[in-house]
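A.B. asks: One structure is given below, represented as structure tokens, and several questions about it will come after.
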Ligand SMILES: Nc1ncnc2c1ncn2[C@@H]1O[C@H](COP(=O)(O)OP(=O)(O)O)[C@@H](O)[C@H]1O
Ligand SMILES: [Mg+2]
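Chains as they are written, first to last, in our numbering: chain S, 1183 to 1638; chain P, 7 to 313.
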């Protein structure tokens, strides 16, 4: 039963549903008291232990049902048997490949989630790929990952051809089939190259997840209405983080005795110091320099990051913000002159920095160094927000290197899903080693995690 | 001490004995909380019976109910303990007067100080300690039910204290040392979600979400409180409430409103709710003028075929 619990939580995590260790422990402890055969009680108990936010209840209900009750993909419910058989046909073709990975994927297409999950982050697919590739020996994990992506891409092409030539099905059903197969393949790929458990953030919206929860949608896929909601969420995150900070300060405030205040308080009691007052220790604050790509592909994500940064500005000794596409301009003054909302708009809109052009990171970094040579110092956390799509320009790493050397740390926030970081027109491969850290920041959840790490 | 509860069904029966109609969710989680000795965090809209649940459980098991009502600005001195300064001050005065008696016969300074020190211990002793709900719960000899009501109204700083106490089941008073719980209390925290609680606190608890009840459950609740009402009327009433909850109004009627309405209809001796009855009693179910207008607009739907 415990191993089933582990599988279930792994599955939840794979769905992007975060399960903390203590929640898992609770759930395991609860097993001692509820009998899984009493489905309703078992469900109540699992929900009580594993669901931490009301908003996630519905999702949990679906995942629970899917894991414990359904064995077939949800898509099959809406389609007829032809569709199902055709998907099965494709799976059978894969099985003939006589290759371990293809076999797992084939089972996955037909709904066997467990088998694939057993292989998440496991060495099995990795080793398999290593064996398959002639130069496999001594391959780095990254290379293996890329190899898996390559393999999946190949299978995606095959699947599309397969669906397109399934002429006995009507055209729109062929398209649905193609979509279904491609989605499944991509999910499987994402899963297999994943580190054992990635507790936060997620790769993508899954096809069966009909109800969108804005906290997990990529910024660039938000509708305008959702965009407003996200802003609200960012405000909430800021508030939460501030609460957390004040809690932390309170906790660590058992600093040293504040003599003056103690004596003042003791006056009430005839000089007896009943109330010993403590002075909280000062925390050292760092300086933030934020550089945001605001070309179309990144603009939204950059806005949200800036919004969050400025909401938390008390936490930093100073924030200076810059935007770039081809050249870099400072936008800090908007934030000192206008309320945040207005400043954000002005910063992104009125600046004449060539909206609609393609980003050139090298020239942007160069212009930053030339125009603002003394902005970065050793207390500085340099934040760069960009997808690294350099549009085939020369990345010229020396500029970023020079900036990173001056700063305490350099964190690159990438609003692109990790799986697409290393496309040919991207310079991420060149820039990543220079940064202290490169983090995926495509959704609110990820943004919130990042901010937490930054200030706590 | 072990509570005599051996199954989820036991919990349901106990609560029902107090007129509290439980659901599987509620009974299972209460049962688990008792067995696992974990706090329950009860979340949900106002008036769905969160507070009542804790009270009913305490009564049914004949346990002491210790209630801490949270509000903005609630601090340790109101929730955990406080030294009674006035009493202490009085004690200082007495000490001053008696100081010669105490020190008088001592031969040297060392001894005088020693004698004074012995007296000082009395300063920070139970005599001067005012125990507030959390400390009282920790000190109880018999398992109590500790109800920390509307915890979302307290400040995040306070939550941190709470988390510490709930995780360690002990309270440290610097002057007296650590007080370990004699019996681990059955703890209920309730929240209307005015503010998000910290993840740490949520993780510490079993999470129970109480939503508006299903029609079946609500029917049972009304029937148990107002057995005089006819089956037909209860059905119409519960239906109506559920229709109203589908409207996009500011304040959805809760179980408490359902019960108030039932009580009013009973007083008016209604046996079938007509639009006029609804109009007369509208103030009970809808709190805002705009809500009332919306309810009256949908009157046909709400009252069903009868209208
Ligand atoms: N399940 C239930 N069974 C019986 N009475 C209930 C139930 N739920 C709520 N009530 C009644 O509804 C009223 C409001 O409940 P209360 O506990 O004050 O709500 P909350 O604390 O959630 O705001 C109480 O008078 C209670 O008697
Ligand atoms: Mg209440």
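A virtual CB, placed ideally from N, CA and C, is assigned to each residue, including glycine.
Less than 7 Å between the CB of residue 148 of chain P and some heavy atom of ligand 1, yes or no?
C.D. replies: Residue 148 of chain P sits at position 142 when you count from the first residue of the second chain. Result no, Cβ not under 7 Å from ligand 1.
A.B. asks: When you compare the CB positions of residue 322 of chain P and residue 216 of chain P, do they come within less than 8 Å of one another, or not?
C.D. replies: The structure shown does not extend to residue 322 of chain P, since chain P is modelled only from 7 through 313, so no value can be given for it.
A.B. asks: Need the endpoints of the beta strand (DSSP E) that residue 49 of chain P sits in, please.
C.D. replies: As a first step, residue 49 of chain P is located in the second chain; it is residue number 43 there, counting from the start. Bounds of the beta strand (DSSP E) holding residue 49 of chain P are 46-49.
A.B. asks: Can you pull the DSSP bridge partners for residue 136 of chain P?
C.D. replies: Translated into the one-based positions of the second chain, residue 136 of chain P becomes position 130. Note: residue 136 of chain P sits in a beta bridge opposite P/88.
A.B. asks: Using a Cβ-Cβ cutoff of less than 8 Å, which residues in the same chain neighbour residue 1580 of chain S once the five nearest sequence positions on both sides are dropped?
C.D. replies: Residue mapping note: residue 1580 of chain S aligns to position 398 of the first chain, counting from 1. Nothing meets the Cβ criterion.
A.B. asks: Regarding residue 228 of chain P and ligand 1, is the C-beta to nearest heavy atom distance less than 7 Å?
C.D. replies: In the second chain, the residue the question calls residue 228 of chain P occupies position 222. Checking the Cβ of residue 228 of chain P against ligand 1 gives no.
A.B. asks: Taking 7 Å as the cut-off, is the CB of residue 215 of chain P close to at least one heavy atom of ligand 1?
C.D. replies: Taking the first residue of the second chain as 1, we reach residue 215 of chain P at position 209. Checking every heavy atom of ligand 1 against the Cβ of residue 215 of chain P, none is found closer than 7 Å.
A.B. asks: When burial is assigned at 16 or more other CB atoms within 10 Å of the CB, is residue 50 of chain P buried or exposed?
C.D. replies: Counted from its first residue, the second chain places residue 50 of chain P at position 44. By the neighbour-count rule (16 or more Cβ atoms within 10 Å), residue 50 of chain P is buried.
A.B. asks: What residue does the alpha helix (DSSP H) around residue 1581 of chain S start on, and which one ends it?
C.D. replies: What you label residue 1581 of chain S is simply residue 399 of the first chain in a count that begins at 1. 1579-1588 is the extent of the alpha helix (DSSP H) around residue 1581 of chain S.
A.B. asks: Since residue 1231 of chain S meets chain P, which of its residues come closer than 7 Å, beta carbon to beta carbon?
C.D. replies: Mapped onto the first chain, residue 1231 of chain S falls at position 49. Under the 7 Å cutoff, chain P gives 212.
A.B. asks: Return the chain-ordered ranges of every alpha helix (DSSP H) run that is complete within the stretch 1196-1275 of chain S and spans a minimum of 4 residues.
C.D. replies: Given a length threshold of 4 residues, each whole run of the alpha helix (DSSP H) inside the stretch 1196-1275 of chain S is given here in chain order: 1203-1212, 1221-1232, 1239-1250 and 1257-1260.
A.B. asks: Report the neighbours of residue 158 of chain P on chain B: residues whose CB is nearer than 7 Å to its CB, in chain order.
C.D. replies: The chain labelled as chain B is not found among the protein chains of the depicted structure, namely S and P.
A.B. asks: Is there contact here, the stretch 239-253 of chain P with the stretch 277-289 of chain P, by at least three beta-carbon pairs under 8 Å?
C.D. replies: yes
A.B. asks: Is there at least one non-hydrogen atom of ligand 2 closer than 7 Å to the beta-carbon of residue 158 of chain P?
C.D. replies: As a working mapping, residue 158 of chain P is identified with position 152 in the second chain. For ligand 2, not one heavy atom lies less than 7 Å from the Cβ of residue 158 of chain P.
A.B. asks: What is the rounded straight-line gap between the Cα of residue 1529 of chain S and the Cα of residue 1413 of chain S?
C.D. replies: Reading the first chain from its first residue, position 347 is the one you call residue 1529 of chain S. Reading the first chain from its first residue, position 231 is the one you call residue 1413 of chain S. Residue 1529 of chain S and residue 1413 of chain S: Cα-Cα distance of roughly 16 Å.
A.B. asks: Taking only beta-carbon atoms, is residue 171 of chain P less than 8 Å away from chain S?
C.D. replies: Here residue 171 of chain P is taken as the residue at index 165 of the second chain, counted from 1. Chain S contact via Cβ: absent.
A.B. asks: Tell me residue 123 of chain P's beta-bridge partners as DSSP assigns them.
C.D. replies: Here residue 123 of chain P is taken as the residue at index 117 of the second chain, counted from 1. In the DSSP output, where bridge partners are listed per residue, residue 123 of chain P has none listed.
A.B. asks: In whole angstroms, give me the CA-to-CA distance for residue 1599 of chain S and residue 148 of chain P.
C.D. replies: Translated into the one-based positions of the first chain, residue 1599 of chain S becomes position 417. Translated into the one-based positions of the second chain, residue 148 of chain P becomes position 142. One C-alpha to the other measures close to 55 Å.
A.B. asks: Quick check on residue 132 of chain P - is its C-beta less than 8 Å from some C-beta in chain S?
C.D. replies: Working through the second chain from its first residue, we reach residue 132 of chain P at position 126. No, because no Cβ of chain S sits closer than 8 Å to the Cβ of residue 132 of chain P.
A.B. asks: Our contact map puts residue 1480 of chain S next to residue 1597 of chain S with C-beta atoms below 8 Å; I'd like the distance itself, whole angstroms only.
C.D. replies: Counting from 1 along the first chain, the entry for residue 1480 of chain S is found at position 298. Counting from 1 along the first chain, the entry for residue 1597 of chain S is found at position 415. About 6 Å; that satisfies the 8 Å criterion.
A.B. asks: Decide if residue 1316 of chain S is buried, meaning its Cβ has at least 16 other Cβ atoms within 10 Å, or exposed.
C.D. replies: Position 134 of the first chain holds residue 1316 of chain S. Low local confidence applies: a pLDDT of 46 at residue 1316 of chain S is under 50, so the model's placement there is unreliable, with the coordinate-based value given in what follows. By the 10 Å Cβ count, residue 1316 of chain S comes out exposed.
A.B. asks: Leaving out five residues on either side along the sequence, give the residues of the same chain with a beta carbon under 6 Å from the beta carbon of residue 1510 of chain S.
C.D. replies: For the purposes of this step, residue 1510 of chain S is taken as the residue at position 328 of the first chain. Counting only Cβ-Cβ distances below 6 Å, and skipping sequence neighbours, we find 1504, 1546, 1549 and 1550.
A.B. asks: Under DSSP, the alpha helix (DSSP H) around residue 273 of chain P begins and ends at which residues?
C.D. replies: Locating residue 273 of chain P in the second chain gives position 267, counting from the first residue. Its alpha helix (DSSP H) spans residues 261-273.
A.B. asks: Would residue 1264 of chain S and residue 1351 of chain S be called neighbours here (beta carbons separated by less than 8 Å)?
C.D. replies: One-based indexing of the first chain puts residue 1264 of chain S at position 82. One-based indexing of the first chain puts residue 1351 of chain S at position 169. Contact flag set, yes.
A.B. asks: List, in chain order, every chain P residue whose beta-carbon is nearer than 9 Å to that of residue 1216 of chain S.
C.D. replies: In the first chain, the residue the question calls residue 1216 of chain S occupies position 34. For residue 1216 of chain S, the C-beta contacts it makes with chain P under 9 Å involve 14, 34, 37 and 38, in order along the chain.
A.B. asks: Considering Cα atoms alone, identify which of P/271, P/161, P/299 and P/204 is closest to residue 81 of chain P.
C.D. replies: Along the second chain, one-based indexing puts residue 81 of chain P at 75. Of the listed residues, the one whose Cα sits closest to residue 81 of chain P is P/161.
A.B. asks: DSSP three-state call for residue 213 of chain P: helix, strand or coil?
C.D. replies: Numbered from its first residue, the second chain carries residue 213 of chain P at position 207. Three-state DSSP puts residue 213 of chain P in a strand.
A.B. asks: Rounded to whole angstroms, what's the CA-CA distance from residue 227 of chain P to residue 268 of chain P? Just pull it up for me.
C.D. replies: To locate residue 227 of chain P, count along the second chain from 1; it is residue 221. To locate residue 268 of chain P, count along the second chain from 1; it is residue 262. Answer to the nearest angstrom: the Cα atoms are 11 Å apart.
A.B. asks: Strictly closer than 6 Å from CB to any heavy atom of ligand 2: give me those residues in the order they appear in the chain.
C.D. replies: Result (chain order): P/56, P/57, P/155 and P/196.
A.B. asks: Any idea what DSSP makes of residue 1475 of chain S, helix, strand or coil?
C.D. replies: Counted from its first residue, the first chain places residue 1475 of chain S at position 293. DSSP places residue 1475 of chain S in strand when its eight states are reduced to three.
A.B. asks: Measure the alpha-carbon distance for residue 1633 of chain S versus residue 246 of chain P and round it to whole angstroms.
C.D. replies: Translated into positions along the first chain, residue 1633 of chain S becomes position 451. Translated into positions along the second chain, residue 246 of chain P becomes position 240. One C-alpha to the other measures close to 47 Å.
A.B. asks: What are the start and end residues of the alpha helix (DSSP H) that includes residue 1552 of chain S?
C.D. replies: By 1-based counting over the first chain, the position of residue 1552 of chain S is 370. Counting along the chain, the alpha helix (DSSP H) containing residue 1552 of chain S begins and ends at 1543-1553.
A.B. asks: Between the stretch 56-67 of chain P and chain S, which residues of the former have CB atoms less than 7 Å from a CB of the latter, in chain order?
C.D. replies: none
A.B. asks: Starting from residue 1594 of chain S, follow its DSSP beta bridges and name the residues at the other end.
C.D. replies: Looking up residue 1594 of chain S in the first chain gives position 412. DSSP output for residue 1594 of chain S lists S/1566 and S/1620 as bridge partner(s).
A.B. asks: Looking at the secondary structure, which residues open and close the beta strand (DSSP E) in which residue 289 of chain P lies?
C.D. replies: Counting from 1 along the second chain, the entry for residue 289 of chain P is found at position 283. No beta strand (DSSP E) contains residue 289 of chain P, which is instead part of the alpha helix (DSSP H) from 281-291.
A.B. asks: Counting only beta-carbon separations shorter than 8 Å, does residue 123 of chain P have a partner in chain S?
C.D. replies: Along the second chain, one-based indexing puts residue 123 of chain P at 117. Taking Cβ atoms only, chain S never reaches closer than 8 Å to residue 123 of chain P, which makes this a no.
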